[in-house]
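Numbering (UniProt numbering), first residue to last: 1 to 726. Don't be surprised by glycine CBs; every beta carbon is placed ideally from N, CA and C.
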């Protein structure tokens, strides 16, 4: 349990650090604390010997981190702790009676308390395990934490690993708490961690030491007085610590019972209503607040720094004293002496790591842990190899390294993987043949894998320098050959510089004569292109001489043969020289007549195209063909009409030419109306139209119909074409 409320005072000053901070240090460990923590010595249902398993792996971790542990065993328990031990036995062993003890009957008087008999048996098992690992155990005269603190005070160890805050009351300087090698949980860290409490740093920050910790144990409670003083907590004790120094706190506590008259007078003064509670002078507090104090020489209020804080401090101390003196034996001098007394002699510790005994571990500890022999060998063999690597004198050699397998890095430490051998056959017969045969089935290398370990590089270099040097040399890459330049005379240097300054000759490659029958590239490019298929590009919109504000629908783009309706000669003749008289008067046997255009022709054409636009039908809206959506809207209408005609079977209504498409789209008449006399100020182009039909388009259409398809026409009669131009 330790001192109540002490961890709450010290925790803000601790540091959480990885366990590798303890590398190279010597630490004293309260073995009973580890056993109680891992076992809880309560639950035997998790593992029959869980405390041994936890102790083994924790000790292995300290060995890998090169920490020298010293385990301290419990000695004779003080009489002050008998009550606490009895309660712990009831809790830990659940009221079970010790083995090999006579049963107590109603007529038989109970014998004396067994104390730590059963717990000492558990500690004896732990000691056997540690001795087989070569770790030293020390028997303390009394409490284990007291002896750990004693070793720490006299510099025999660098710190104490314990969960018991009593270590500070016994005078420990550096305590390591919450020791964890796990990487899970709230108290875990990568590679293990520990909380470090250094009293040297704590005392430099505040006036807090061993004596104040003892006073806190007396007032709040500890293992020797579990209940402490009723009604006293951490806050009241800290107010008392702020009033007195570390060196005088124990004497002040002893004077609570001795100097009764002094504290009675202070109690009367604190509670006196005729004395101002702010300045301590004669007069009521209320009158001083309104009229001031003559002694303080103030007209209103008074000097609060003279008495107010001191009065509150005295009042808090009087409250603690009144509660503490209710206990007849306060302050308990036996408890104070237990914390302050030290052993008379300083022990001589042999902290050298002794040789681990693998045979003893397998024979005595294996059955307690319920581990098979081959598993015990796997876990214990690396401890034996680490001990042998660390020894400067290679005496009592049981195993020898054969070869280094490869390089390794363990937690950032350069290491090597080795293969060992047992030349003397010391390990023969330790592992049953059945377990060996099962191991060989699961591992291809067989029993040889049991002799593989990983050791730090620096230790191997000091223990086996020749073996490490040979391995590192075999892994070295051959050095690159460096060509050294010969020393040159000044004359040779001048010649080299002249050669560098000379322009380099450009060597032209000779042209390779082409093979017979293979044309040259120039000949291929100069040849005339005849009947060469050319990929048609996307048709671009061309501007007409007539200022039309809206382009004609894309339906006029012909899908038929372009040569059948080729009018390029007519267009070129019109555009080439618009001011000159037209040189072209005939086209394919038809005479051409040129008429001037009206000024508002473009506006009228745009208006006609807008009036004739109709909304698409529901069938057209539902069509969602990806290829049709990419086409212009007018082109999609044309395709839809053509599809409907083909489905219906009326091929006569299918437009064959661009002009027919235009006529069908704009609902133009197919019959040529009779000529009407033109009116004044009216263009011939619009004069000859009726029923939204374009006379020019109808004439052009009729003129381009092949002769074999003409019906009701006179043979030998020539029709004239009318061309409108600027």
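Since I believe residue j is in contact with residue i (beta carbons under 8 angstroms), could you give me their beta-carbon distance rounded to a whole number of angstroms?
{"i": "residue 28", "j": "residue 152", "result": "6 angstroms"}
{"i": "residue 6", "j": "residue 213", "result": "6 angstroms"}
{"i": "residue 380", "j": "residue 450", "result": "With a Cβ gap of about 11 angstroms, residue 380 and residue 450 do not count as contacting."}
{"i": "residue 13", "j": "residue 201", "result": "7 angstroms"}
{"i": "residue 4", "j": "residue 228", "result": "6 angstroms"}
{"i": "residue 366", "j": "residue 166", "result": "The Cβ separation is near 35 angstroms, so there is no contact."}
{"i": "residue 125", "j": "residue 368", "result": "6 angstroms"}
{"i": "residue 383", "j": "residue 356", "result": "5 angstroms"}
{"i": "residue 76", "j": "residue 142", "result": "6 angstroms"}
{"i": "residue 16", "j": "residue 65", "result": "So it is not a contact: roughly 16 angstroms between Cβ atoms."}
{"i": "residue 467", "j": "residue 401", "result": "6 angstroms"}
{"i": "residue 280", "j": "residue 238", "result": "The Cβ separation is near 24 angstroms, so there is no contact."}
So, are the CB atoms of residue i and residue j less than 8 angstroms apart?
{"i": "residue 420", "j": "residue 134", "result": "no"}
{"i": "residue 56", "j": "residue 129", "result": "yes"}
{"i": "residue 361", "j": "residue 132", "result": "yes"}
{"i": "residue 294", "j": "residue 284", "result": "no"}
{"i": "residue 263", "j": "residue 218", "result": "no"}
{"i": "residue 174", "j": "residue 160", "result": "yes"}
{"i": "residue 349", "j": "residue 73", "result": "no"}
{"i": "residue 457", "j": "residue 416", "result": "yes"}
{"i": "residue 220", "j": "residue 233", "result": "yes"}
{"i": "residue 316", "j": "residue 236", "result": "yes"}
{"i": "residue 463", "j": "residue 389", "result": "yes"}
{"i": "residue 432", "j": "residue 373", "result": "yes"}
{"i": "residue 224", "j": "residue 81", "result": "yes"}
{"i": "residue 313", "j": "residue 243", "result": "yes"}
{"i": "residue 358", "j": "residue 410", "result": "no"}
{"i": "residue 211", "j": "residue 249", "result": "yes"}
{"i": "residue 78", "j": "residue 338", "result": "yes"}
{"i": "residue 311", "j": "residue 277", "result": "yes"}
{"i": "residue 430", "j": "residue 377", "result": "yes"}
{"i": "residue 408", "j": "residue 63", "result": "no"}
{"i": "residue 181", "j": "residue 61", "result": "yes"}
Let me confirm a value: residue i is counted as buried when at least 16 other C-beta atoms fall within 10 Å, else exposed. Which label applies?
{"i": "residue 71", "result": "buried"}
{"i": "residue 399", "result": "buried"}
{"i": "residue 103", "result": "Confidence in residue 103 is poor, its pLDDT being 43 and thus under 50, which makes the residue's placement too unreliable to answer from."}
{"i": "residue 172", "result": "buried"}
{"i": "residue 59", "result": "buried"}
{"i": "residue 32", "result": "buried"}
{"i": "residue 164", "result": "buried"}
{"i": "residue 585", "result": "exposed"}
{"i": "residue 205", "result": "exposed"}
{"i": "residue 8", "result": "exposed"}
{"i": "residue 404", "result": "buried"}
{"i": "residue 282", "result": "exposed"}
{"i": "residue 169", "result": "buried"}
{"i": "residue 10", "result": "buried"}
Any idea what DSSP makes of residue i, helix, strand or coil?
{"i": "residue 241", "result": "helix"}
{"i": "residue 59", "result": "helix"}
{"i": "residue 174", "result": "strand"}
{"i": "residue 586", "result": "strand"}
{"i": "residue 416", "result": "strand"}
{"i": "residue 26", "result": "strand"}
{"i": "residue 179", "result": "strand"}
{"i": "residue 16", "result": "strand"}
{"i": "residue 687", "result": "Any reading at residue 687 needs caution, since the residue's pLDDT is 45, under 50, leaving its predicted position unreliable; the model's value is listed next. Residue state, collapsed to three classes: helix."}
{"i": "residue 490", "result": "helix"}
{"i": "residue 222", "result": "coil"}
{"i": "residue 398", "result": "coil"}
{"i": "residue 3", "result": "coil"}
{"i": "residue 440", "result": "helix"}
{"i": "residue 122", "result": "helix"}
{"i": "residue 195", "result": "strand"}
{"i": "residue 452", "result": "strand"}
{"i": "residue 428", "result": "coil"}
{"i": "residue 407", "result": "strand"}
{"i": "residue 229", "result": "coil"}
{"i": "residue 728", "result": "For the chain, the structure presents residues 1 to 726; residue 728 sits outside this window and is missing."}
{"i": "residue 382", "result": "helix"}
{"i": "residue 49", "result": "coil"}
task: Taking 8 angstroms as the threshold, find out whether the segment 194 to 208 comes into contact with the segment 296 to 312 through three or more Cβ pairs.
output: Short answer: they don't touch.
task: Mind the definition here: the segment 142 to 157 touches the segment 15 to 28 only if three or more C-beta pairs lie below 8 angstroms; say whether that holds.
output: yes
query: Does the segment 322 to 332 come within contact of the segment 254 to 269, defined as at least 3 CB pairs closer than 8 angstroms?
result: yes
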